[in-house]
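This report concerns only the one structure given below.
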Amino acid sequence: MKDLIIKIAEEKILEAIENGELDNLPGKGKPLDLQDCCHIPPELRAGYKILKNAGLLPEEMELQKEIAALEKFIADCQQEDEKESLRKKLIEKNLYYDILMEKRRRR
């Protein structure tokens, strides 16, 4: 049954292409925004999209970037005292991130 539906859909799409029905669609020639937002709760999606369009990141994404940067700095660091300082910052960032995500889950 599923294969039949897919085949019908493909035929309809090919027919529309042949008839030129898809030639003047808005956004033609522009890249699609295929960024997956299924991990974002529905009630936060509009706000996140506004932040993204403004060039800003939600707090948890900013924290993820900071955590990744700290992990790289730790891996590249040669001085043990500096490495220890970076590890403490990493622990703090991870803890704050975990608390933030727990608060979001409880909403």
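Counting in our numbering, the sequence shown runs from 869 upward without gaps. Even glycine gets a Cβ: it sits at the ideal position worked out from N, Cα and C.
What residue does the alpha helix (DSSP H) around residue i start on, and which one ends it?
i           : result
residue 820 : Residue 820 is absent from the structure shown; the chain starts at 869 and stops at 975.
residue 896 : Premise fails: residue 896 is in no alpha helix (DSSP H) and is neither H nor E.
residue 909 : Here residue 909 belongs to no alpha helix (DSSP H), and DSSP marks it neither H nor E.
residue 962 : 948 to 974
Which same chain residues, not among the five before or five after residue i, have their C-beta less than 8 Å away from its C-beta?
i           : result
residue 908 : 916
residue 935 : 958, 961, 962, 965
Which same chain residues end up closer than 7 Å to residue i when comparing Cβ atoms and leaving out the 5 residues on each side of it in sequence?
i           : result
residue 926 : 916, 919
residue 928 : 965, 968, 969
residue 945 : 951, 954
Using three-state DSSP, classify residue i as helix, strand or coil.
i           : result
residue 878 : helix
residue 869 : coil
residue 888 : coil
Please work out which residues of its chain come closer than 6 Å, Cβ to Cβ, to residue i, disregarding the five sequence neighbours upstream and downstream, and give them in chain order.
i           : result
residue 964 : none
> For the 8 Å Cβ check, are there 3 or more pairs between the stretch 935 to 944 and the stretch 957 to 968?
Replying inline: yes
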